[in-house]
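Scroll down for the structure; my scribbles are underneath it.
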Amino acid sequence: MSTVLEQLYASGGSDVVISTIELTCAAWSDSLLFCEGFEDQTCTTEDGRTLTFLAAPIRTNDADKDNQGAQTLDFVIDGVLGEAQQHIDAALQGEQEVKMTYRKFLESNRSEPAEAPYRMTILGGEISDGAVQLQAGYFDLIGRAFPRDTYDTEFSPGLKYL
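Just so you know, this note's numbering puts 934 at position 85 of the sequence shown, and the rest follows in order with no gaps.
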């Protein structure tokens, strides 16, 4: 089954894709919301929240196709230096992990993402020349547990008798 976005790319339609980024952290009272383009966009997420994303110049570098065991995307968001610095300082001070959700919406339908969102963890970044550069990973093969199932007394009740 193909997504709405795949159908758009295949048909060469005239609809516009709106890329959005949501940054969240337990140390922050609110999320940082950005969208690619020149106008703020109000969109509804997959869980029914209606969010207003602030317009910002966003650049994305695709993940390297290699055998390193982790998929890393690079994002650059321009013009958010002051707000980003405050949030980064709060995350570092609280020693909290920053999560990122990358969604794509169609201009003709902002009531749901055009495809399943990418949920990533911020692995690193820097602030320079008025831009925030982030590296986010969305598949960490090396850090995965094997076997993936955790054998505890809830999963395997017989273990409590050993």
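Quick reminder that beta carbons are idealized off the backbone N, C-alpha and C, glycines included.
As the structure is a prediction and not an experimental result, all values here were calculated from the model.
Query: Taking just the CA atoms, how far does Thr909 sit from Arg898?; Result: 25 angstroms
Query: Tell me whether the segment 871–880 and the segment 940–956 touch, counting them as touching only if at least three CB pairs, one residue from each stretch, are closer than 8 angstroms.; Result: yes
Query: By DSSP's criteria, Val865 is part of a beta bridge. Which residues make up the other side?; Result: Paired residues: none, contrary to the question.
Query: In whole angstroms, what is the alpha-carbon distance linking Val866 and Glu956?; Result: 6 angstroms
Query: Mapping DSSP to helix, strand and coil, what is Glu885?; Result: strand
Query: Can you tell me which of the three DSSP states Asp978 falls into?; Result: coil
Query: Around the Cβ of Thr869, are there at least 16 other Cβ atoms within 10 angstroms (buried) or fewer (exposed)?; Result: buried
Query: Just the Cα atoms here: how many angstroms apart are Lys948 and Gln984?; Result: 11 angstroms
Query: Apart from the five residues just before and just after Ile976, which ones in its own chain have a Cβ nearer than 8 angstroms to its Cβ?; Result: Leu930, Ala933, Gln934, Ile937, Gln982
Query: Considering only DSSP beta bridges, list what Gly1013 is partnered with.; Result: Shown here, the chain extends from 850 to 1011; a query on residue 1013 therefore has no answer.
Query: Which residue's Cα is closest to the Cα of Asn958: Thr891, Leu881, Leu872?; Result: Thr891
Query: With DSSP collapsed to three states, give me the class of Gln935.; Result: helix
Query: Mapping DSSP to helix, strand and coil, what is Ala1010?; Result: Sequence check: residue 1010 is Tyr here, not Ala. Tyr1010 falls in the helix class under three-state DSSP.
Query: Out of curiosity, what's the CA-to-CA distance linking Ala1032 and Thr894?; Result: With the chain covering 850 to 1011 only, the question about residue 1032 has no answer from this structure.
Query: Whole angstroms are fine: how far does the CA of Thr970 sit from the CA of Asp923?; Result: 12 angstroms
Query: Note the first and the last residue of the continuous beta strand (DSSP E) segment covering Ala905.; Result: 899–905
Query: Considering only C-alpha positions, which residue in the set Ala980, Tyr1010, Gly986, Pro966 is nearest to Gly973?; Result: Gly986
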